[in-house]
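Chains as they are written, first to last, in full-length UniProt numbering: chain A, 1 to 362; chain B, 1 to 1019.
In what follows, a single structure is set out as structure tokens and then discussed.
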Amino acid sequence: MAVELDVFVGNTTIMDEEVYQLWLDGYTVNDAVRARMEGGVLDEFDATADVLLSDTMDQYRTFQMCERLLHSPAKLANQLLFQIPPHRQTMLIERYYAFDDVFVREVLGKKLSKGTKKDLDDISAKTGVTLKSCRRQFDNFKRIFKVVEELKGPLVENIRQHFLLSDKLARDYAAIVFFANNRFETGKKKLQYITFQDFAFCAGQLINNWTVGAVGEGLWLLPLANMDVDLDKEFLQELKELKVLITDKDLLDQHKSLVCTALRGKTKAFNEMEANFKNLSRGLVNIATKLTNTKDVRDFFIDLVEKFIEPCRSDRWTAADVKLYLTHYTNSAHILDTFKHQVVWDRYMGVIKSCIFKMYHD
Amino acid sequence: MPGKLKAKIVAGRHLPVMDRASDLTDAFVEVKFGNTTFKTDVCPKSLNPQWNSEWFKFEVDDEDLQDEPLQITVLDHDTYSANDAIGKVYIDIDPLLCTEAASIISGWFPIYDTIHGIRGEINVLVKVELFNDLNRFRQSSCGVKFFCTTSIPYSYRAVMVHGFVEELVVNEDPEYQWIDRIRTPRASNEARQRLISLMSGELQRKIGLKVLEMGGNAVVGYLQCFDLEGESGLVVRAIGTACTLEKFSSGSASITCPHPSTAPPSNACNSPKDGKELVFGEELPLSSGPPTPFRALPSSSSSPPPFSPSKPCSRQSSSSDTDLSLTPKTGMGSGGSAGKEAGPLKTLLRQQTQTTLEQREFPFFTLTSFPPGFLVHVGGVVSARSVKLLDRIHNPDEPETRDAWWEEIRQEIKSHAKALGCHAVVGYSENTSICEEVCILSASGTAAILNPRYMREGCLDVGSIDHRFDDPSPPNCGFCHIPYDELNMPFPAQLAYCYQCRRQKVPDVLFTTIDLPAEAAVTGKGCLIQARLCRLKKKAQGEVNATAISNLLPFMEYELHTQLMNKLKLRSMNALFGLHIQISVGENMLLGLASATGVYLTALPAPGGIQIAGKTPGDLNNEQHVAAIQKRINDAIAKNKELYQINPPELTDEGVGSPIPEPRQRSRIFRSHSESSDELSELDLSHGKKDAFVLEIDDTDAVEDIHSLLTDAPPPAGFHSCSTETMPGIYNWTSGIQMFTSVRVLRLNNTNLTNQGLNKIFTDLCENLLKSFYFKLRSTVPCCLCHLNFTVAVPEEELVQVSVTAVAMTFDKDQNQEKPPEKATTKGGSETEDQLQFPLELSADSSSTSPQPSKISGVAENTIVSTRVSSLEHCSPLPEGRSRSLCSSRSFGVGSVTMVKMTPLSFLPGTRIIKYLGIINMFFIRETTSLREEGGVSGFLHSFIAEVFAMVRAHVAALGGNAVVSYSMKDCVLMENPNKNQAQCLINVSGDAVICVRETDQEQTTNTGQTCGTIDGAT
């Protein structure tokens, strides 16, 4: 005696959020049943394992049928096959596109290609996220990347509109797309301490300040496809001009003395700041001048860590010290009479400052 | 030229990729009606084509309008090879033919392919211009309204109830024709779908004609079924109740319309105290007619005529319209049943005496609930079954046999009813079970005496309620009083004076197929009671097989009845409503399933308990065993009484703690009967020993029986279940509903099973299904599973299939003891508030996904209720419609699809039906040759059922509706061959498309409802 067929279909599609999460997490039906039993659903409701299995199978089937629709969430709203109240649709989409920070940290900045997909086994083993879930998350990244790649307009807004995601999730995806597009190196050991959320914040800064789309409305008419995805080439070119801050000896000294005057007495790390000023300034300006090379763009975060964060950390600067230093470092440049590139300097340092603040932790 | 049909193809969306090279599709559309076909332009390289075609016009007879569906085929244009079909949409335009129903069909329809399922959607507009044609010889019956609902539809009143209408149409099944060997499965499926659509159109038209002849304008309780007889053909048959309906003006609707949720009986049990207990003694209201002995049918030797798919030659089975038809018809049989009736009936109707009803050929009514006063007395369930051998070949010139079969059964039902002293049968239904060449025809109903005035013109005037009663019996217990002569009873039964009025006699137990009358007084709550039974039979062929089945049937009926009776007693109840007994035949077994809602009718005497008796009294071991079982039974009864809150005052007065102290019982019998007649009491005594409620455990069988009696688990806390429309004892429904369909198939691998083994398996199957439902719906408690409709089948030798369609309805727990009597007033008070709320909602952001604040029905609802509602389905259909119309401008707006509620009930709690848009009657076939890839049979059926729901919803939305009531899945025939990776499934569903509005805001919504359709089209 065996159950040959067992289905339950509601006019309004019945979906259990708990089972949905298990499905998303890549549990097999049997594992999901076990997990639910351990979760105590049987205790609060007198039922047998058979009932639980039957229910789990039904739900899994429903999710599998829905998955196709979730790939283009706009379809979910006007498809006719499943009657799902709008607030449930939102939940389904949001959960489907949610990802594990540990997983995304592994693929951040990597090319979203078949090659990377093959590595998912290793990532799965390393992170403890099931392979099935890794695949879903990876495919989500790829799908969103592909769609927004060809769209004009603001990146976050595009993602939100096309995938009906919440603002927070759309911003995270924008970061992922931005990292994948520019192939920022994030996997080096030195960068391991930086969380996805740190990177997502930095990506937001870069998108908002260093891309073509960031400049303003006037550029809307430009026939540029990826306004938010690619860095503003012109700006990168202009960054070269900042070199004068370290090549011109007078300017460098002048800058140093201005900063030191401002800092004196305000921090315990003053001596180290004074001693390291030239090194640090060279580091930051060199990063700026090299950004025209794609290779150096990729190393942007490593450079920030190696050239600035690590020296500061070895001198035991506090986060407040860093903030103080960078504020004065940026502002003092305005007082330099021979330094003409104030606008570029601000655009550059604004992002650098906030990125370093975010990244300066253990 | 009595009609012009116009269709416009607007756009498509989500089309499948048909050209692998470009990942796109070059789609165009063919629109076909009858033999006329139009085509749209090809919309190249798009998965979301915009055709925006002209209006295609078809000038057609209204007869064709009724029979034919509009057929829309979406194709992919291919320059070099044949165009590939993407899928089809069949649109039944019947709703447009009735002035009071829908005026336009407009909306997105799923494009359906029998092999691939739903493949995108298409937006279509359909209109009909009808010219008045007063030709009395016409063949069409446009304008006759059809309702699946088995009660007088809301917002209508019955001016007159004319009575029974029936018709059947036969054709060859395209699946079994020679041509099927050479055509594709898709072509075969489509031929079948189209044929059935045509046949049901034709059937409906013919029924309509009969109604017009009778002077009616509507069919209520329309029940259409398909019999897939295999090689011998395809039968589409329908029964219904012809009525003359009149629409209420909107103002009076709220007062006069009996709404199950708002018109509960006075629940207080105020019957006199000197209650005499009349127990013991089995009543056998279910007088199962002995199955008609097998009758060999003359087999004709002539071969079937060649089949022409374009114009199938459906043969009509009855000759009712011969005298009216202008066109000469061939093959007019003499076996017509209704033809004889139609003529005389008209004249009889004018006389309008009580005898009218009796003289009618079939005084049957498919209704299950009635206007107050309609039902005078109820006798009991009558049923008849007959086993027939299907003849292999149809000869179109031969008189129709199917009609004769049904006529025979109906005669039997009629005579059973007469034996119960009744002149009518209500809650009447018919069904069949077919296995290979054997067919069991079944009919059942409830014998009743009706108020003859309802058959008279203008008698149903609601104002004159008081004058209607010739019978002085009080309205809320009258129907329980026996209709038959107590000295000449048709079966042994125990009678007592009615516990409410103390004047008339009532039986001790009452079984009926109807819903509990709204005025009936009930003590406590009801519950679902099921009897399940399996009987093995030897495999056989032809006559031997039919005889074997015939011989088994009476035993099955008897056992099912005994089970029902025992289970009823175990729950301390005394009446069954909505009883439905199904007997299904398979190659090597028969399955019987009886479902009903058990209640304690206040008017009927308290039921006795169940007594266990050992076979060998001397054996000490045995006696202990018996005592143990007796204790378990008594405990169960006591527990059930508490569970269902059954505590009639009489019981407490007399202090009956244990269910049956036997000696006392006996004496009471004497006492009570001394009042009526000695003869009776003697009869009862002699009957006492064979009483069904004394269970003798003399063999293993009986032990099994007792065990099965005790295994039925009560529903978990917070749940109730019933097979009727609503649960007796619960009146404060909130608006959360969840309709569902569940199918389970069990494979019996064990070849040498015993009857008991099978019974256990079958019982477990049903019980486990119920447990599954409770578990799945656990987040909706407190709720009641209503209209639990189980259908059993034996699709293959070792398979048992159970399909269930039901609805879970939430109710307000805090008030479930009593109905809020001031409901009407609070409703009025909150109305203004709601009106104020209206514009605010409009101006609010349409994309807001938060659940509507549930302002339902003005009942003082707490927040718990509203959150619970939101977790189910959106409670108020209307705001959704509104938000949808606002959303339509936004390309990615959430919720651009109208929410369509579905329910097997005739109403939606918390809402009022303001318009019936027409009947939904759809038949789909789905086939796959990649069963594994689709997730096995479960995956296949799961998506098919979801697709069927989607198509029903789409059609309702296109008619401008937001709900389907009286929804039912008539057939779900699944055939599988996992070895070949194939499966096929046929599903037939029906229901009434309606517009409903929240009870509080009726005025504004009338307009909104009507504009629904146009909004749909614009999106």
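We put the CB at the ideal spot given by N, CA and C, even for glycine.
Being a predicted model, the structure only gives us computed values, none of them experimental.
- Assignment of B:Pro-110 by DSSP, reduced to helix, strand and coil, places it in the strand class.
- With fewer than 16 neighbouring CB atoms inside 10 Å of its own CB, B:Phe-131 falls in the exposed class.
- B:Thr-523 does not reach chain A, its nearest Cβ partner there being about 28 Å away, counting only Cβ pairs nearer than 7 Å.
- Within the region 32 to 62 of chain A, Phe-45, Asp-46, Ala-47, Thr-48, Asp-50, Val-51, Leu-52, Ser-54, Asp-55, Met-57, Asp-58, Arg-61, Thr-62 place their CB atoms closer than 8 Å to a CB of chain B, listed in sequence order.
- Of the candidates B:Val-506, B:Ala-496, B:Ala-958, B:Val-506 places its Cα closest to the Cα of B:Pro-483.
- With a contact defined as Cβ atoms closer than 8 Å, B:Thr-114 and B:Ile-925 qualify at about 5 Å.
- When DSSP states are grouped into helix, strand and coil, B:Cys-786 belongs to the strand group.
- Contact annotation for B:Gly-427 against chain A: no contact, minimum CB-CB distance about 26 Å [criterion: below 8 Å].
- Taking 8 Å as the upper bound for CB-CB distance, B:Val-599 and B:Gly-526 are in contact here, some 4 Å apart.
- Against B:Val-743, the close residues of chain A are Leu-5, Asp-6, Val-7, Phe-8, Val-9, in the order they occur along the chain (beta-carbon pairs closer than 9 Å).
- Annotation: the region 207 to 254 of chain B contains the following complete segments of the beta strand (DSSP E) (minimum length 3 residues), in chain order: 218 to 228, 234 to 247.
- Taking one beta carbon from each stretch, the region 43 to 62 of chain A and the region 916 to 933 of chain B have fewer than 3 pairs nearer than 8 Å; the two do not touch.
- DSSP places B:Trp-51 in the coil class of the three-state scheme, outside both helix and strand.
- No Cβ-Cβ contact shorter than 9 Å links A:Phe-63 with B:Tyr-774.
- Distance between B:Ile-730 and B:Leu-908, taken at the CA atoms: about 15 Å.
- Along the length of the region 404 to 463 of chain B, whole beta strand (DSSP E) runs at least 3 residues long occupy 424 to 435, 438 to 450, reported in chain order.
- Among the bridge pairs identified by DSSP, B:Val-522 is matched with B:Leu-601.
- When DSSP states are grouped into helix, strand and coil, B:Lys-45 belongs to the coil group.
- By a beta-carbon distance limit of 8 Å, B:Thr-805 contacts B:Pro-904. Their separation comes to about 6 Å.
- Just so you know, the alpha carbons of B:His-77 and B:Ala-191 end up roughly 22 Å apart.
- B:Ile-91 carries a strand assignment under DSSP once its states are collapsed to helix, strand and coil.
- In this structure, B:Leu-47 is the residue among B:Thr-37, B:Arg-13, B:Lys-32, B:Leu-47 with its C-alpha nearest to the C-alpha of B:Thr-25.
- With a threshold of 9 Å between beta carbons, A:Gln-21 makes no contact with chain B.
- With a cut-off of 8 Å on Cβ pairs, the region 131 to 150 of chain A is in contact with the region 160 to 180 of chain A, counting three or more such pairs.
- In this structure, the beta-carbon distance from A:Ala-35 to A:Leu-22 falls below 9 Å.
- Bridge pairing for B:Trp-733: B:Phe-811 [DSSP].
- With fewer than 16 other CB atoms across the displayed protein chains lying within 10 angstroms of its CB, B:Met-975 is exposed.
- Under the Cβ distance rule, B:Ala-950 counts among the residues neighbouring chain A, one pair being separated by less than 9 Å.
- The beta carbons of B:His-942 and A:Arg-61 sit about 5 Å from each other, so the pair counts as a contact at 8 Å.
- In the three-state reduction of the DSSP assignment, A:Tyr-193 falls in the coil class.
- Nearest to A:Trp-345 by C-alpha distance, out of A:Thr-261, A:Asn-30, A:Leu-242, A:Gly-39, is A:Leu-242.
- Closest option to B:Gln-204, judged by alpha-carbon separation, among B:Lys-8, B:Ser-141, B:Ala-85, B:Glu-947: B:Ser-141.
- DSSP, reduced to helix, strand and coil, places A:Ala-98 outside both helices and strands of the structure shown, so it counts as coil.
- Not a single C-beta of chain B is nearer than 9 Å to the C-beta of A:Ile-159.
- Taking 8 Å as the upper bound on Cβ-Cβ separation, chain A lies near residues Leu-748, Asn-749, Asn-750, Ile-761 of the region 748 to 766 of chain B.
- B:Gln-500 and B:Thr-602 do touch by the CB rule: their CB atoms are close to 6 Å apart, below 8 Å.
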